[in-house]
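Participant: Mind looking over this structure? Questions follow.
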Amino acid sequence: MTAGIGPDLALEPGLIALDEHRIGTALELPDGAVRVEQAVDSTNSCLARYRDEGQPVRVLLAEYQSAGRGRHGRRWLSPPGRGLYLSTAWSFDQPPRALGALSLVAGLAAAEALEQQLAVRVGLKWPNDLQIDGRKLGGCLVDLAADRTGKTNAIIGIGINVDFRGLQGPDQPWTDLAAHAGFIDRNQLAACVIKRLDQELGRFQQAGFAACAARWAGRDVLFGRELAVIESGRPGLRGRGAGVDAHGGLVVKTNQGNRVVRTGEVSQSIRADRA
Numbered sequence: 054m055t056a057g058i059g060p061d062l063a064l065e066p067g068l069i070a071l072d073e074h075r076i077g078t079a080l081e082l083p084d085g086a087v088r089v090e091q092a093v094d095s096t097n098s099c100l101a102r103y104r105d106e107g108q109p110v111r112v113l114l115a116e117y118q119s120a121g122r123g124r125h126g127r128r129w130l131s132p133p134g135r136g137l138y139l140s141t142a143w144s145f146d147q148p149p150r151a152l153g154a155l156s157l158v159a160g161l162a163a164a165e166a167l168e169q170q171l172a173v174r175v176g177l178k179w180p181n182d183l184q185i186d187g188r189k190l191g192g193c194l195v196d197l198a199a200d201r202t203g204k205t206n207a208i209i210g211i212g213i214n215v216d217f218r219g220l221q222g223p224d225q226p227w228t229d230l231a232a233h234a235g236f237i238d239r240n241q242l243a244a245c246v247i248k249r250l251d252q253e254l255g256r257f258q259q260a261g262f263a264a265c266a267a268r269w270a271g272r273d274v275l276f277g278r279e280l281a282v283i284e285s286g287r288p289g290l291r292g293r294g295a296g297v298d299a300h301g302g303l304v305v306k307t308n309q310g311n312r313v314v315r316t317g318e319v320s321q322s323i324r325a326d327r328a
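For the sequence shown, the tail end lands on 328 under this note's numbering, and the numbers increase by one without skipping.
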């Protein structure tokens, strides 16, 4: 039984296909640990099915997602061969409620990998967006499930717009790597992102969010901005971005003092002083 879906895709001329052997070799992972699918519904969902089937796949990449997911079930645009769509599986000793900062850790790992490979400065918008100059480049999605032993099985997905030239992009300000770095070797980039993600998740498992909080803060695009938080589709808290707490919650400075936001959508206006 296979968890992938759909026929093989014919990529556009000039696009280099993802290569699971090349990526797995770069990561020094055993055969079967990295898999590339042509088409899936979403890499998170597909990898979860593989894990449920007992297959040894730890990292899954796809050329195309027919139902890529963002936060709150939103559709993630995934044109064939034009992005990097990947998921990785991890197990944590902590319960899901203690892992609220996972999407922040994943975002930081992706941002630092991109900067290492392509010398592009990537900002982080709480809780899971990657941005360049205020435009969305990518994002992270974390799915958690507790098992009978008390551990938490996590599927951590990352999507990055690589080359959307000539395509209609998402319905929000967006950008892609091609606009900032020219040609991108997706296989090399995938290996770099996954390796950096493994490093950061290992640190998080040992020391929590404190292991990367300062580096995350250095990329926080909401700090010092006037914010409006939308909760359950309704306008809610208003204030100024004041960083994140030890558990990954957004701190908002209001006239009544600091408030911590765990869920919700954030819109932003002008930047205020960072001091």
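The C-beta atom is built at its ideal place from N, Cα and C for all residues, glycine as well.
Just confirm the distance between the C-beta atoms of G302 and V314, as a whole number of angstroms; I'd bet it's less than 8 Å.
Facilitator: As a first step, residue 302 is located in the sequence shown; it is residue number 249 there, counting from the start. As a first step, residue 314 is located in the sequence shown; it is residue number 261 there, counting from the start. Correct: roughly 6 Å between the Cβ atoms.
Participant: Along the alpha helix (DSSP H) that carries F257, what are the first and last residues, could you check?
Facilitator: If you number the sequence shown from 1, residue 257 lands on position 204. F257 -> alpha helix (DSSP H) spans R239 to A260.
Participant: Below 7 Å CB to CB, which residues in the same chain sit around P149 once its five sequence neighbours on both sides are set aside?
Facilitator: The residue labelled residue 149 in the question sits at position 96 within the sequence shown. Hits under 7 Å: L197, A199 and T205.
Participant: By Cβ distance, which residues of its chain are closer than 6 Å to R104, with the 5 residues on each side in sequence left out?
Facilitator: Translated into the one-based positions of the sequence shown, residue 104 becomes position 51. Excluding positions up to five away in sequence, the list reads A142.
Participant: In the segment 83-132, which residue ranges form an unbroken alpha helix (DSSP H) of at least 4 residues, counting only runs that do not cross its ends?
Facilitator: Runs of the alpha helix (DSSP H) inside the segment 83-132: 96-105.
Participant: Go through the segment 130-199 residue by residue and report every complete run of the alpha helix (DSSP H) that reaches 4 residues or more, in order.
Facilitator: Within the segment 130-199, the complete alpha helix (DSSP H) segments of 4 residues or longer fall at 155-171, listed in chain order.
Participant: With 16 as the cutoff for other CB atoms within 10 Å, does T78 come out buried or exposed?
Facilitator: Position 25 of the sequence shown, counted from the start, is the residue given in the question as residue 78. By the neighbour-count rule (16 or more Cβ atoms within 10 Å), T78 is not buried but exposed.
Participant: With DSSP collapsed to three states, give me the class of L230.
Facilitator: Counting from 1 along the sequence shown, the entry for residue 230 is found at position 177. Coil, per DSSP.
Participant: Going by beta-carbon coordinates alone, are N97 and S144 separated by less than 8 Å?
Facilitator: Here residue 97 is taken as the residue at index 44 of the sequence shown, counted from 1. Here residue 144 is taken as the residue at index 91 of the sequence shown, counted from 1. No, Cβ-Cβ distance for N97 and S144 is not below 8 Å.
Participant: Given 8 Å as the limit, is there contact between the segment 256-265 and the segment 201-218, that is, 3 or more CB pairs closer than that?
Facilitator: no
Participant: In whole angstroms, what is the alpha-carbon distance linking S285 and R278?
Facilitator: Numbered from 1 along the sequence shown, position 232 holds the residue referred to as residue 285. Numbered from 1 along the sequence shown, position 225 holds the residue referred to as residue 278. In a straight line, the C-alpha of S285 is about 22 Å away from that of R278.
Participant: Among the residues of its own chain, which have a CB less than 6 Å from the CB of E318, if the five just before and after it don't count?
Facilitator: In the sequence shown, the residue the question calls residue 318 occupies position 265. Same-chain partners within the cutoff: I283.
Participant: In the DSSP assignment, what residue or residues form a beta bridge with T202?
Facilitator: For the purposes of this step, residue 202 is identified with residue 149 of the sequence shown, where counting begins at 1. Paired residue(s): none; T202 is not in a bridge.
Participant: Report the rounded CA-to-CA distance for A166 versus A92, giving the unit in angstroms.
Facilitator: Taking the sequence shown and counting its residues from 1, one reaches residue 166 at position 113. Taking the sequence shown and counting its residues from 1, one reaches residue 92 at position 39. Computed Cα separation, rounded: 25 Å.
Participant: Is it buried or exposed for T307, if we count other Cβ within 10 angstroms and need 16 for buried?
Facilitator: The count along the sequence shown starts at 1 and reaches residue 307 at position 254. The residue in question, T307, is exposed, as its Cβ has fewer than 16 Cβ neighbours within 10 Å.
Participant: According to the Cβ coordinates, are G235 and G212 closer than 8 Å?
Facilitator: Here residue 235 is taken as the residue at index 182 of the sequence shown, counted from 1. Here residue 212 is taken as the residue at index 159 of the sequence shown, counted from 1. It is not a contact, given that the beta carbons lie outside the stated cut-off.
Participant: To the nearest angstrom, how far is it from the Cα of K248 to the Cα of V305?
Facilitator: Here residue 248 refers to the residue found at position 195 when the sequence shown is read from its first residue. Here residue 305 refers to the residue found at position 252 when the sequence shown is read from its first residue. About 33 Å.
Participant: Per DSSP, what are the beta-bridge partners of I208 in this structure?
Facilitator: As a first step, residue 208 must be located in the sequence shown, where it is residue number 155. Per DSSP, A142 and D196.
Participant: Please classify Q309 as buried or exposed, where buried requires at least 16 neighbouring CB atoms within 10 angstroms.
Facilitator: Here residue 309 refers to the residue found at position 256 when the sequence shown is read from its first residue. Per the 10 Å Cβ criterion, exposed.
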